[in-house]
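Novice: Line by line, the protein sequences give chains A and B. Just so we're aligned, residue 0 is where the first sequence starts under numbering that gives the first Met the number 0, counting upward by one. Just so we're aligned, residue 0 is where the second sequence starts under numbering that gives the first Met the number 0, counting upward by one. Here a beta-carbon is modelled for each residue, glycine too, at the ideal position from N, C-alpha and C. Got a structure for you, questions after.
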Amino acid sequence: MSIHVAPGAPLSRRVRTLAAAGAIVAGVALAIGGRAVAQQTQDFSKIEIDAVEVRPNVYMLVGAGGNTTIQFGDEGVMVIDTQFAPMADKILRSIRQIAGNRPIRYVVNTHVHGDHIGGNEPIAKAGRTRAGGNVVGDLGAGATSSAAIIAHENVLNRLSMPAAGEAPVVFGAWPTETFANDKKEMLFNGEAVQIIHEPSAHTDGDSLVFFRKSDVVATGDLFTTIMYPFIDEANGGSINGYVNGLNAILDITVASNVNEGGTMVIPGHGRLGDEQDVIEYRDMVTIVRDRIREYVKRGLTLEQVKAKKPTLDFDPRYDMPNARRTPEQFVEVVYKQLSAEKAKSGTAARPQNRNQNQNKTKGSGQ
Amino acid sequence: MHRGIHVIVRALIVVTIAAVAAPAFAQADMSGVWQPRYDEDQPERIPGPELVDYLGLPITDAARQFAESWDPSRITLPEEQCRVHVSPYIYRGPMNLRVWEERDPKTQQLIALKHYISTYEQTRTIYMDGRPHPGPNAAHTWMGFSTGRYEGDMLVVETTHLKQGWVRRNGLPMSDQAHMTEYFVRNGDLMTHTFILFDPVYLSEPLIKSQDFTRSVRELADQTWLWVCEPVVEIADRPAGEVPAYMPGENPFLDEFARRHQIPMIAVMGGAQTMYPEFQKVVQQAPKPAPLPPPQPGSARVRGGGQTETTPPAPRGGQTPQQGR
């Protein structure tokens with residue numbers, strides 16, 4: 000493991016490179032395939048954890064799969080997402096090195112995919128939740144034998160009722176505490192933690208986790224710095240919900256010193272970011288969505304839309320060599336959803352602004 | 000061919016810079032207050048470049064589509080109004096530059112050089128103590144992470160971890176994958192800053208630029224160092240989440256620069272080939288675009304270069320070129 004104590008601090012370049020390569024390959028090639036994607040093709044033994052200090056009490060752990068966030072203090076450790084199962088020991092080792100022997104109290108899942116929940120069971124079992132009174136009386140000592148696993152209830156729904164052909168996920172990895180509304184709030188280690196649900200975005204069970212005092216938001220796959228959005232239709236995702244999710248992140252973030260720093264943003268995959276990085280990504284996703292919406296409105300077929308290359312300006316940045324989702328696949332799912340939107344409403348474009356130039360695309364964040 | 004020429008050009012630049020640098024018996028002290036020479040590429044500095052002017056820039060097709068789709072109205076979005084120019088671009092703007100050294104008080108060894116850039120109130124640190132650059136998962140910043148070394152009296156700076164920014168502020172992007180090598184040379188009260196920008200996303204070949212600074216013998220007034228930016232809602236009825244952009248290939252100003260200046264479109268669209276001398280033959284043989292329609296008397300209209308036409312041409316698309324910013 001390498002730990003970024005501060006920018007520029009001496010680190011093992013080799014280890015960092017390994018971690019970065021592992022994160023990109025595993026994160027892109029495996030993560031975006033869905034929760035049932037197995038890890039047979041990945042040699043996890045060669046991947047180390049790159050621990051990046053975000054705040055003195057908040058770290059981003061980059062390994063294989065989605066990024067893990069930890070927040071720690073007097074009350075214990077909160078772990079956001081757990082990567083793939085084979086990474087669990089390395090994550091736990093990192094947590095111990097950073098947070099000492101503080102108990103892991105909570106595991107939070109930002110969504111249902113296997114590269115974010117894979118280590119749920121071993122990491123939760125390494126911790127213990129707080130319980131007493133009737134709970135312990137009813138359940139015995141086992142009531143506190145592992146950390147609680149928190150997620151939106153749609154995560155539990157998807158895990159407990161896998162679609163046909165999907166491998167079931169072990170019971171021990173399922174959320175033990177779910178919420179059905181727009182958010183769950185708690186005070187942990189002296190700071191307000193808001194787990195905010197974004198409906199029908201990357202999936203239908205996405206959550207942002209906002210540490211209000213630390214001023215850090217962990218986004219799950221609602222924001223990445225290394226690839227096009229994966230709109231997981233099979234798990235309830237949608238392009239419009241995804242754009243809404245990005246704008247919801249921007250509603251949370253406040254930049255300092257002219258659009259830099261301030262609220263720090265830990266993406267589902269990729270490097271540490273801030274508001275400006277989310278703006279760039281939001282702009283890209285919105286522009287591509289609006290272009291395709293305009294083409295759908297004009298009656299173009301999918302092949303005609305692809306021929307227009309609506310992602311050309313972003314492909315060298317977000318078309319990763321190992322990604323299972325190509326730009327064409329991103330275009331396909333957006334085209335499909337906006338075509339359905341058009342069929343449903345009679346038009347794929349919202350009403351034009353009175354000052355709107357016909358050559359422009361101006362989409363709302365709907 | 001281009002790569003070979005590039006290598007030669009780059010080598011010549013480095014040799015030239017080294018040749019004009021002072022002898023290496025002492026490191027040049029670049030501390031002080033510096034001001035840019037605004038007469039160098041003046042349209043780039045004050046009014047801003049015209050739209051769809053990509054002449055001489057080794058941009059990729061992706062960069063070209065990005066820029067053609069870029070609507071200047073983007074900078075009216077509150078979240079974009081205080082967008083800082085990245086270090087590969089900010090030195091070419093209107094600015095004042097203060098340079099000072101940070102030394103270890105116990106050893107007086109040089110830790111870092113500091114640049115305070117008045118534009119957007121940016122403080123840039125150039126570490127001189129040999130520390131490595133951060134890892135690949137560290138955050139990126141407008142100024143990036145810079146380390147420097149002296150080669151004789153020439154300061155050489157390597158910068159990584161840059162945010163996405165502009166190659167030109169008419170929509171030509173620089174990606175957050177870019178990195179930069181700079182050469183600072185002082186000759187008396189003149190400082191020459193040359194840089195080579197590498198961007199695997201939006202440049203097909205490295206981009207080399209230079210600019211000069213004059214040392215100010217007087218401290219400047221306090222407020223000349225400030226650049227307070229507070230975003231406001233400029234368009235009240237804009238729907239939340241809107242990102243203004245033109246459809247690919249449908250920018251109504253696509254040929255405005257070419258027509259105004261009677262430059263063939265093949266030249267204004269840029270690309271590595273437009274950097275090299277032999278491209279002059281291509282330009283000479285390429286058809287010139289039709290001139291803009293004759294101006295109609297009436298309201299004033301801002302021209303590229305920040306000048307005002309008293310008898311403007313008919314409005315095209317209902318917008319004016321990008322304002323200086």
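Pairing CB atoms from the segment 223 to 243 of chain B with CB atoms from the segment 42 to 50 of chain B, are three or more of them under 8 Å?
Specialist: Result no; under three Cβ-Cβ pairs closer than 8 Å.
Novice: Grab the span of the beta strand (DSSP E) containing I94 of chain A for me, first residue to last.
Specialist: Unbroken run through I94 of chain A is the alpha helix (DSSP H), A87 to A98; no beta strand (DSSP E).
Novice: According to DSSP, simplified to helix, strand and coil, what is G345 of chain A?
Specialist: Here G345 of chain A sits in coil by DSSP.
Novice: In the structure shown, what three-state DSSP assignment does M319 of chain A receive?
Specialist: Residue state, collapsed to three classes: coil.
Novice: Skipping 5 residues on each side, what residues in its chain have a beta carbon closer than 8 Å to that of M0 of chain A?
Specialist: Reliability of the predicted coordinates at M0 of chain A is poor, the pLDDT of 49 falling under 50, and the value obtained from them is presented with this limitation in mind. Cβ neighbours of M0 of chain A beyond the five flanking positions: V14, E47, I48, D49, A50, K89, R92, S93 and Q96.
Novice: So which of A:L271, A:G189, A:Q275 and A:G236 has the shortest CA-CA distance to D250 of chain A?
Specialist: Closest by alpha carbon: A:Q275.
Novice: Going along the segment 286 to 316 of chain A in order, which residues come within less than 8 Å of chain B, judged by CB to CB distance?
Specialist: The residues in question are I286, D289, R290, E293, K307, K308, P309, L311, D312, F313, D314, P315 and R316.
Novice: Quick check on M264 of chain B: does DSSP put it in helix, strand or coil?
Specialist: In this structure, M264 of chain B counts as helix in the three-state DSSP scheme.
Novice: Taking the alpha-carbon positions, what's the A21 of chain B to Y149 of chain B distance?
Specialist: Because A21 of chain B carries a pLDDT of 46, less than 50, the predicted location of this residue cannot be relied on, and the following value inherits that uncertainty. Cα-Cα distance, rounded: 12 Å.
Novice: Restricting to Cα atoms, I'd like to know which of B:K113, B:Y53, B:D198 and B:W69 is closest to P87 of chain B.
Specialist: Checking every option, the nearest Cα to that of P87 of chain B belongs to B:D198.
Novice: Does I31 of chain A pass the burial test, meaning 16 or more other C-beta atoms within 10 Å, or should it be called exposed?
Specialist: Low confidence applies here, because I31 of chain A scores a pLDDT of 41, under 50, leaving its location unreliable; read the following figure in that light. With 16 or more other Cβ atoms within 10 Å, it is buried.
Novice: Would you decide whether L206 of chain B is buried or exposed? Buried here means 16 or more other CB atoms lie within 10 Å of its CB.
Specialist: Result: buried.
Novice: Using the DSSP secondary-structure output, state which residues sit across from D211 of chain B in a beta bridge.
Specialist: Its beta-bridge partners are B:T191.
Novice: Nearest-angstrom Cα distance between A285 of chain B and T224 of chain A?
Specialist: Roughly 41 Å separates the two Cα atoms.
Novice: With a cut-off of 8 Å, do at least 3 Cβ pairs link the segment 65 to 85 of chain B to the segment 258 to 266 of chain A?
Specialist: The segment 65 to 85 of chain B vs the segment 258 to 266 of chain A: in contact.
Novice: Quick check: V333 of chain A and T285 of chain A, are their CB atoms within less than 8 Å of each other?
Specialist: Not a contact, by the Cβ cut-off of 8 Å.
Novice: Quick one: what's got a C-beta closer than 7 Å to K305 of chain A's C-beta in the same chain, skipping five residues either side?
Specialist: Result list for K305 of chain A: E327 and V330, in chain order.
Novice: Quick one: Cα of K45 of chain A to Cα of F83 of chain A, how far?
Specialist: Approximately 14 Å, taken between the alpha carbons.
Novice: Just the Cα atoms here: how many angstroms apart are M173 of chain B and Y201 of chain B?
Specialist: Cα to Cα, M173 of chain B sits roughly 6 Å from Y201 of chain B.
Novice: Taking N258 of chain A as the query, report the chain B residues whose CB atoms sit under 7 Å from its CB, ordered along the chain.
Specialist: Near N258 of chain A (Cβ distances below 7 Å), the residues of chain B are C81, R82 and V83.
Novice: Helix, strand or coil for N56 of chain A per DSSP?
Specialist: In the structure shown, N56 of chain A sits in coil (DSSP, three-state: anything other than H, G, I, E or B).
Novice: Near Q321 of chain B, what residues of its chain come up, given a Cβ to Cβ distance below 7 Å and the 5 sequence neighbours on each side ignored?
Specialist: Here the model assigns Q321 of chain B a pLDDT of 34, short of 50, so the residue's position is not dependable, and the following value carries that caveat. Cβ neighbours of Q321 of chain B beyond the five flanking positions: G47, L50, P71 and N169.
Novice: Return the bridge partner residues of M370 of chain A from the DSSP annotation.
Specialist: Lying outside 0 to 365, the shown extent of chain A, residue 370 of chain A is not represented and no answer is given.
Novice: List the residues of chain B whose Cβ lies closer than 8 Å to the Cβ of M319 of chain A, in chain order.
Specialist: Chain B residues near M319 of chain A: none, gap ~12 Å exceeds 8 Å.
Novice: What did DSSP end up calling Q26 of chain B once you bin it into helix, strand or coil?
Specialist: Three-state DSSP puts Q26 of chain B in coil, outside helix and strand.
Novice: Runs of 4 residues minimum, wholly inside the segment 136 to 162 of chain B: which ones carry the alpha helix (DSSP H) assignment?
Specialist: Taking only runs of at least 4 residues, no alpha helix (DSSP H) segment lies wholly in the segment 136 to 162 of chain B.
Novice: Nearest chain A C-beta to D60 of chain B closer than 8 Å, yes or no?
Specialist: Yes, D60 of chain B lies at the interface with chain A (some Cβ there is under 8 Å from its Cβ).
Novice: What does D49 of chain A touch in chain B if you count any residue whose Cβ is under 9 Å from its own?
Specialist: Per Cβ cutoff of 9 Å: G134, P135 and N136.
Novice: Check whether the Cβ atoms of V242 of chain B and D282 of chain A sit closer than 8 Å, and answer yes or no.
Specialist: Yes, Cβ-Cβ distance for V242 of chain B and D282 of chain A is below 8 Å.
Novice: Going along the chain, which unbroken runs of the alpha helix (DSSP H) with 4 or more residues stay wholly within the segment 292 to 338 of chain A?
Specialist: Fully enclosed alpha helix (DSSP H) runs of 4 or longer: 301 to 306 and 314 to 317.
Novice: Roughly how many whole angstroms lie between the Cα atoms of I74 of chain B and M142 of chain B?
Specialist: Rounded to whole angstroms, I74 of chain B to M142 of chain B spans 20 Å at the Cα level.
Novice: Does DSSP put R130 of chain B in a helix, in a strand, or in coil?
Specialist: Of the three classes helix, strand and coil, the one that applies to R130 of chain B here is coil, per DSSP.
Novice: What residues of chain A sit near G270 of chain B, judged by a beta carbon separation below 7 Å?
Specialist: Result: empty, since nearest Cβ-Cβ is about 15 Å, beyond 7 Å.
Novice: Using the Cα positions of S30 of chain B and L154 of chain B, report the straight-line distance between them to the nearest angstrom.
Specialist: Those two C-alpha atoms are separated by around 12 Å.
Novice: Examine chain C for any beta-carbon lying closer than 8 Å to the beta-carbon of Q210 of chain B, and answer yes or no.
Specialist: Chain labels in this structure do not include chain C; the protein chains are A and B.
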